[in-house]
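K.L.:
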Amino acid sequence: MNTQHTKLQTTFLAFLCIGMISCATATMAAGTGDIAAAAQRLVQEENKKFSKYQDAVQLIHRNASTFESKNYNAYMDTLSADCEGRSLTADVIKQMNTLDMDLQIDIVSFEVLPGGTDSKVKIDCVQTTKKVGGKARFVDNEMHSIHTVVKTEDGWKIGKSKILSIHMLHDED
């Protein structure tokens, strides 16, 4: 058997290999296109869900920022009039207002949970609260909670918050 190929045979094999690679690449691209299209659909669904509840999500951010800035009236305004624990929250806020302490609150993640309606939605939220100044003692923490946000005459308000976990954050030092 002759292992040497003629120039014509070599050219033919090269075109055959290129054709096979092109076919495989086109097949992979089609598969990648299906994956990309599915991912794009998922992003569009999430964007629709987010945009429908955008004001409710912004309320969660406003709740954190008004607390952080010690604007307690604005903070209380993020809670619905019939919010579970509203009076206890008001008492805690009054006590915290007397402390020499500055906090930084960051929303680490949030997810609008399925099953929301035009008047009620649940938002799964993880936030960190860290002391950034002042003499009062405070333990930095990460809190995971689910906020039930309800639509009122005045817009979206927190109707209930269920704390799932609180993890104390400690410096490695």
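Heads up: the sequence shown is residues 0 to 172, going by numbering that gives the first Met the number 0.
Built from N, CA and C at the ideal position, the CB exists for glycine as well.
1) Determine whether the beta carbon atoms of Val91 and Ser108 lie at a separation below 7 Å.
2) Less than 7 Å separating the beta-carbons of Met142 and Ile157?
3) Which of helix, strand or coil does DSSP assign to Thr26?
4) Assuming Ile59 and Ile122 form a contact by the criterion Cβ under 8 Å, report the distance between their Cβ atoms to the nearest whole angstrom.
5) Suppose contacts are defined by Cβ-Cβ distances below 7 Å. Is Val111 in contact with Tyr74 by that definition?
6) Pop quiz: Met167 and Ala135 are said to be a contact at Cβ under 8 Å. What is the actual Cβ separation, rounded to whole angstroms?
7) Assuming contact is defined by CB atoms lying nearer than 7 Å, are Asn96 and Thr77 in contact in what I supplied?
8) Where does the unbroken beta strand (DSSP E) through Thr65 begin, and where does it stop?
9) Go through its chain and collect everything with a Cβ distance to Glu83's Cβ below 6 Å, but skip five positions before and after it.
10) Tell whether a beta-carbon distance below 7 Å holds between Asp139 and Lys150.
11) Using the beta-carbon count (16 or more within 10 Å), is Ser68 buried or exposed?
P.N.:
This is what the structure holds:
1) Here Val91 is not near Ser108, since their CB atoms are 7 Å or more apart.
2) Cβ atoms of Met142 and Ile157: not closer than 7 Å.
3) A caution first: Thr26 carries a pLDDT of 42, below 50, which makes its placement in the model too unreliable to give a value.
4) Indeed they touch by this definition, with Cβ atoms about 6 Å apart.
5) Between Val111 and Tyr74, the C-beta spacing is not below 7 Å.
6) Not a contact, Cβ separation roughly 16 Å.
7) No; because the gap between Cβ atoms is not below 7 Å, this pair is not in contact.
8) Looking at the DSSP string, Thr65 is not in any beta strand (DSSP E); the run it does join, the alpha helix (DSSP H), is Gln53 to Glu67.
9) Correct list, in chain order: Lys159.
10) No, the Cβ-Cβ distance between Asp139 and Lys150 is not below 7 Å.
11) Its Cβ having fewer than 16 others within 10 Å, Ser68 is exposed.
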